Amino acid sequence: MTVDTLPYTTFYKAKKGIISWLFTLDHKRVALLYLYSIITFFLVGASLGILMRLELFHPGKDIVEPHTYNQIFTLHGVIMIFLFIIPSIPAVFGNFFLPLLLGTDDVAFPRLNLFSFWLYAIGALFALGTLVFGDGPADTGWTFYAPYSVRTGTNVTMSVVAAFVLGFSSILTGLNFIVTIHRLRTPGMGFNQMPLFAWSLYATSWIQLLATPVIGITLLMIVAERVFGVGLFDPSIGGDPVLYQHMFWIYSHPAVYIMALPAMGIVSEIIPTFAQRTIFGYKAIAYSSMAIAFIGYFVWGHHMFTSGMSGPAAYIFSILTFLVAIPTSIKVFNWIATLYKGSINIDTPLLFALAFIFNFLIGGLTGLVNGALAADIHLHDTYFVVGHLHYVMFGGTGFAFFGALHYWFPKIWGKMYNKKVANTAFATLLIGFNILYFPMIILGIMGMPRRYYDYLPEFTFWNQVSTVGSWITVSSLIVLIVNLFVAARKGKKAPDNPWGGITLEWQTKSPPPLENFDKMPKIPEGGPYNYPNAKSSN
Amino acid sequence: MYASNFVEGVDFSLYFILAISVFFLVGITAVMIYFLFRYSKKRNPVATNIEGSWTLEIIWTVVPTILVLLMFWYGWVGYRPMLTAPDDAMEIQAVGQMWKWTFNYDNGKSSDTLVIPIDKPIKLNLVSKDVLHSLYIPAFRLKQDVVPGKDFSMWFIGQKLGRYDILCAEYCGQLHSYMLSSVTVVENDKFNTWLAEKQDNSNEHPGLTLMKKNACFSCHTTDGSRLVGPSFKGVVGRSETIIVDGKEKTITVDADFIKHKLQNPLSSNVKGFQSGLMPKLPLSDDEISHIIDYVSTIK
Ligand code: HEM
Ligand SMILES: [Cu+2]
């Protein structure tokens, strides 16, 4: 590997000024626009989370009124789902690295890509607009269940329009990636030579494209009902509230895989790089993504086992839900097997990837509990679900997001962060995270419902433990982000390939030039993770 | 003895999965950490490229498949009996409304809390007067959504004497977490005495009876403190700023205003309070005047 020391123009310097950023057609700059916005919203969402945890420190009132609490968890959910977790990995790392991983110079439709960022920005303005306009942010929960969402005086219409616009942003990103993957792979790279992150984005994109329109129309139906009094979901004007739940989850369950699959893709990149060996079971991992995306369409009913579902429907939704666990566990076993006979560098990105596996296992296994009919009747809509969803979204996807950030940081900024600080932040985050959410699983089994402003005295102890965990979590997050922020400005210069990776992004300079590669990247022979220095197994 | 006839099935399904989960969580994490040290760069300077193994892929597809099918099965077995109540079950109507449960018995008795005889199948016919609620009895491991416009029901047998919490598990607005009640399981003859006790409302103002029945007090206090809506204390004769069609207007609360508000609850709302929440109650003119009469006495 030769390190090119000739001066060149990075994509940062290619053009100057704020306008060159806001109207950029460069996928890397679009990715960074997303990154800064998404981190900002993540911090806003986390602050709302802290407020909730403070309120729940004692039974009774601590800091806010019930109505405010209800608005806080709704806004927290809306921000975390639509502004943070759904766009997070695809819009940031997908945009930045998909073209690099495929050895090409941009996504298929750069203008559409910019447009989808703009839609994201407009959607975000609507979501925040509820703070200023109308009777305050919605107090319905992020699920906007009818008929309450039709009747409440809060600004549901604006929140729902926000989610609608953000849905379009997500659809366009998906469309762009599908075409990019089909059309722009560098010559000689077939589907089976693609890095696994590209595979996972491919599966994700299909869900974005096919499922998101359903939520779009559902949310518009809410608006039609609130504004024009069309009876769709509210029984007092002839609607059906259970219909709403079906329509909502037909999107929102597959959306869980929009959150999870890209994270699995990240882990599939990080582990071989740090084990310095080929990934175990490339095809099993690649195709299991497609299987998860496919089966994931047919399991939405498991959110509705207590909504008066018939026996046969419950039976079928439950069994399909369990089937999703199979491709998921295949992935976990293959990741672990990839460590076997590796030559492992224990570094920050790998720690995040392994913590992903641990947290995601808890998230997935608690998901099995919710998939089982009898257990779910008890645990549905309790804190068990709140614990489960944070283990999947935050412990899983959130950790993968931060893993990706530490993995590709030197590529994006050409600098290296302070690893000691990064590892400390990682360790305290992992501990704090588990102190924050594991008590919720216990509270759920004890029978504490979710979306509760106040609770019975027997739930006090675990609520207090959880709140203490939230302080550790947020302090660690601040250290983690400040460390990276400082490094981006004054970190030591990083080599082009600090981790010894062999996927194509490591063959260009850090930060990459405007058009990504000065010379055609070379595809590694025998697959994307076939490390030349490793022994072959036979 | 379990508190209800469903506890055993639910808990088995839950702890069966949790046990398998703990096994895999601990096992996988341990192997992961072992590999991390055993194959660290120091101990193993040169990696080996292993592409995969179809044998292993098959093993770790088949084993989880068997396990999840078992998990599914126990979930189904614990759940199936919840679907159909026995024919001899005693039927009670359970009404959910923002933010109060009411239980109506066949003999006309109505109560804020549920009282049931031990060892007898009980079927609750669930009615919602407004939005979604969910009747949840954690000790019985049972919940069922209460959906306006749908005739859902749930059934169970209380098997252990005692008092257990009833919670609302489906978010229903401002005071969702205060929508509490309880179920008391008593001996059969105690139950019969309780059921036969007449509710003595004869000394009570008929307006008050109506207001209790319609859950007015879950939003309005009588002591001047603020809840979801303005307090009834001194309300008649008070001047209030109300919002009608987006415009503010100052009025003095009188009988006509209260009557209008009861008949068209969403036509206006008092400034500073959340709009859209007051339900339209099916009240006759007579009943309305009883209510107005009583409200005027709250000073
Ligand atoms: C500092 C970090 C966080 C804290 C302290 C926190 C805390 C909480 C709490 C206490 C609730 C339950 C509210 C209730 O049911 O009454 C909640 C709900 C929720 N959280 Fe978080 N959370 C955090 C981060 C996240 C992240 C990273 C995500 C997603 C990526 C997320 C997504 C959600 C969602 C979707 C809900 C459900 C909201 C609803 O019920 O409508 N949270 N969070
Ligand atoms: Cu309720």
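Chains E and H supply the protein sequences, listed in that same order. Under my numbering, the first residue of the first sequence is numbered 957, with each subsequent residue one higher. Under my numbering, the first residue of the second sequence is numbered 2, with each subsequent residue one higher. Just so you know, even glycine gets a beta-carbon here, dropped at the ideal spot from N, CA and C. For clarity, every value in this text was computed on a predicted model and none was experimentally measured.
Spatial distance of residue i from residue j (CA atoms)
i, j, result
"I51 of chain H", "N1489 of chain E", "13 Å"
"E1181 of chain E", "D1190 of chain E", "8 Å"
"V187 of chain H", "G1267 of chain E", "32 Å"
"W1364 of chain E", "G1221 of chain E", "14 Å"
"S233 of chain H", "S183 of chain H", "Looking at the sequence shown, residue 233 of chain H is not Ser but Phe. Computed Cα separation, rounded: 28 Å."
"V11 of chain H", "A31 of chain H", "30 Å"
"V148 of chain H", "Q94 of chain H", "14 Å"
"G1109 of chain E", "D1091 of chain E", "7 Å"
"M155 of chain H", "S1263 of chain E", "11 Å"
"D1474 of chain E", "T1464 of chain E", "7 Å"
"C169 of chain H", "S22 of chain H", "29 Å"
"M957 of chain E", "A1450 of chain E", "Because the pLDDT of M957 of chain E is 40, which lies under 50, any placement of that residue in the model is unreliable, and the question is left without a value."
"Q1149 of chain E", "V1442 of chain E", "37 Å"
"M1265 of chain E", "A1159 of chain E", "30 Å"
"I1458 of chain E", "S178 of chain H", "54 Å"
"D89 of chain H", "P122 of chain H", "7 Å"
"V959 of chain E", "K1478 of chain E", "Legend: pLDDT at V959 of chain E = 48, less than 50; position of this residue unreliable, no value from coordinates given."
"T1229 of chain E", "P1143 of chain E", "23 Å"
"Y1025 of chain E", "M99 of chain H", "17 Å"
"P1043 of chain E", "L1070 of chain E", "14 Å"
"E205 of chain H", "K199 of chain H", "14 Å"
In DSSP terms, what residue i is bridged to
i, result
"V245 of chain H", "H:K248"
"W102 of chain H", "H:G97"
"C169 of chain H", "H:L136"
"F157 of chain H", "H:I123"
"K144 of chain H", "H:Y137"
"N50 of chain H", "E:S1492"
"S41 of chain H", "E:I1300"
"L115 of chain H", "H:V184"
"P1405 of chain E", "E:T1338"
"N270 of chain H", "H:I244"
"V128 of chain H", "H:V96"
"G163 of chain H", "H:V186"
"N1439 of chain E", "BP columns for N1439 of chain E are empty, so no partner."
"S5 of chain H", "H:G159"
Which listed residue (the options) has its alpha carbon closest to that of residue i
i, options, result
"Y1200 of chain E", "E:V1179, E:A1216, E:M1220, E:F1082", "E:V1179"
"D246 of chain H", "H:G225, H:Q264, H:S276", "H:S276"
"R39 of chain H", "E:F1040, E:G1264, E:N1301", "E:N1301"
"T1429 of chain E", "E:K1465, E:F1389, E:P1395, E:A1154", "E:F1389"
"P1103 of chain E", "E:G1130, E:R1139, E:T1060, E:G1187", "E:G1187"
"F1065 of chain E", "E:T980, E:S1115, E:D1018", "E:T980"
"L278 of chain H", "H:Q175, H:T49, H:I244", "H:Q175"
"I1171 of chain E", "E:T1142, E:H1138, E:V1117", "E:V1117"
"Q264 of chain H", "H:I252, H:I289, H:I244, H:D255", "H:I289"
"L143 of chain H", "H:I167, H:A48, H:L133, H:G150", "H:I167"
"T49 of chain H", "E:V1212, E:G1298, E:M1036, E:I1006", "E:G1298"
"T210 of chain H", "H:A86, H:S111, H:V254", "H:S111"
C-beta contact flag for residue i and residue j at 7 Å
i, j, result
"L1279 of chain E", "S1245 of chain E", "no"
"P299 of chain H", "I259 of chain H", "First, the amino acid is wrong: residue 299 of chain H is Ile here, not Pro. No, these two residues do not count as a Cβ contact at 7 Å."
"G1359 of chain E", "P1305 of chain E", "yes"
"L989 of chain E", "F1073 of chain E", "yes"
"N215 of chain H", "L282 of chain H", "yes"
"F157 of chain H", "S5 of chain H", "yes"
"Q160 of chain H", "M2 of chain H", "yes"
"A1309 of chain E", "V1223 of chain E", "yes"
"T1129 of chain E", "P1046 of chain E", "yes"
"Y80 of chain H", "A1330 of chain E", "yes"
"P1469 of chain E", "Y964 of chain E", "yes"
Ligand 4 heavy atom lying under 6 Å from the CB of residue i
i, result
"T1129 of chain E", "This structure lacks ligand 4; the ligands present are ligand 1 and ligand 2."
ask   = Going along the stretch 86-115 of chain H in order, which residues come within less than 7 Å of chain E, judged by CB to CB distance?
value = Against chain E - using a Cβ distance shorter than 7 Å - the stretch 86-115 of chain H contributes no residues.
query = Name the residues in the stretch 128-152 of chain H whose C-beta lies less than 8 Å from a C-beta of chain E; which are they?
reply = Residues of the stretch 128-152 of chain H with a C-beta atom less than 8 Å from some C-beta of chain E are D131, V132, L133, S135, Y137, P139, A140, R142, L143, K144, Q145, D146, V148, P149, G150, K151, listed in chain order.
request  = Check distances from the C-beta atoms of the stretch 37-55 of chain H to those of chain E and list, in chain order, the residues that come in under 7 Å.
outcome  = For the stretch 37-55 of chain H, which is checked against every Cβ of chain E, the residues closer than 7 Å are L37, Y40, S41, K42, N45, P46, V47, A48, T49, N50, I51, E52, G53.
ask   = Of the residues that make up the stretch 161-189 of chain H, which ones have a beta carbon closer than 9 Å to any beta carbon in chain E?
value = Those would be D166, L168, C169, A170, E171, Y172, C173, G174, Q175, L176, H177, S178, Y179, L181, in chain order.
message = Any C-beta of chain H within less than 8 Å: which residues of the stretch 1308-1331 of chain E qualify?
response = Of all residues in the stretch 1308-1331 of chain E, those with a C-beta nearer than 8 Å to a C-beta of chain H are L1310, I1313, F1314, L1317, I1318, L1321, T1322, L1324, V1325, G1327, A1328, L1329, A1330, A1331, reading in chain order.
request  = Compile a chain-ordered list of the residues in the stretch 1395-1412 of chain E whose CB is closer than 9 Å to at least one CB of chain H.
outcome  = Answer set for the stretch 1395-1412 of chain E: I1401, M1402, G1403, M1404, P1405, R1406, R1407, Y1408, Y1409, D1410, Y1411, L1412.
key: Residues of the stretch 58-77 of chain H with Cβ closer than 8 Å to any Cβ of chain E, in chain order   = If the cut-off is 8 Å between Cβ atoms, the stretch 58-77 of chain H has E58, W61, T62, P65, T66, V69, L70, M72, F73, Y75, G76, W77 near chain E.
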